[in-house]
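What follows is a set of notes on a single structure, which appears directly below.
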Amino acid sequence: TYVVTDACIACKYTDCVEVCPVDCFYEGENMLVINPSECIDCGVCEPECPAEAIIPDTESGVEQWIELNAKYSAEWPNLTTKKDAPDNADEMKDVQNKLETHFS
Ligand code: SF4
Ligand code: F3S
């Protein structure tokens, strides 16, 4: 499966939802997550994200994102169509460690 990571937080460009063949993105206030039981591992969303927030769950150091995607995809609503990114998305794109500062 693929997972959404820190870089999505406060950016939320939503290009990813447009390409997912199984519509498995779920939307929180400040980021999207992927439902790991629905993702078919096709990888088409990975290059679509302008923030490079989507990575395969086989990369190192990804454990906290596997957990976070699984937890919140069970709680948040499904998002299947692109919407406007936050006004300051481009400014937030290169900010590090946004989980601590901008998750909620
Ligand atoms: Fe959807 Fe494919 Fe991305 Fe999984 S890897 S979230 S199925 S586009
Ligand atoms: Fe987030 Fe990238 Fe999608 S910023 S909403 S994972 S296109």
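Position 17 of the sequence shown, counted from 1, bears residue number 18 in full-length UniProt numbering, the numbering being contiguous throughout. Note that the Cβ used here is the ideal one computed from N, Cα and C, for glycine as well.
Item	Value
Can you tell me which of Ala86, Gly62, Glu30, Glu19 puts its alpha carbon nearest to the alpha carbon of valine 4?	Gly62
Whole angstroms is fine: what's the gap from aspartate 85's alpha carbon to lysine 13's?	8 Å
Are glutamate 47 and isoleucine 35 touching if we call contact CB-CB under 7 Å?	no
Just the C-alpha distance for aspartate 88 and glutamate 60, rounded to the nearest angstrom, thanks.	31 Å
Considering only C-alpha positions, which residue in the set Trp77, Pro37, Val20, Asn31 is nearest to aspartate 7?	Asn31
Would serine 105 be called buried (16 or more neighbouring beta carbons within 10 Å of its own) or exposed?	exposed
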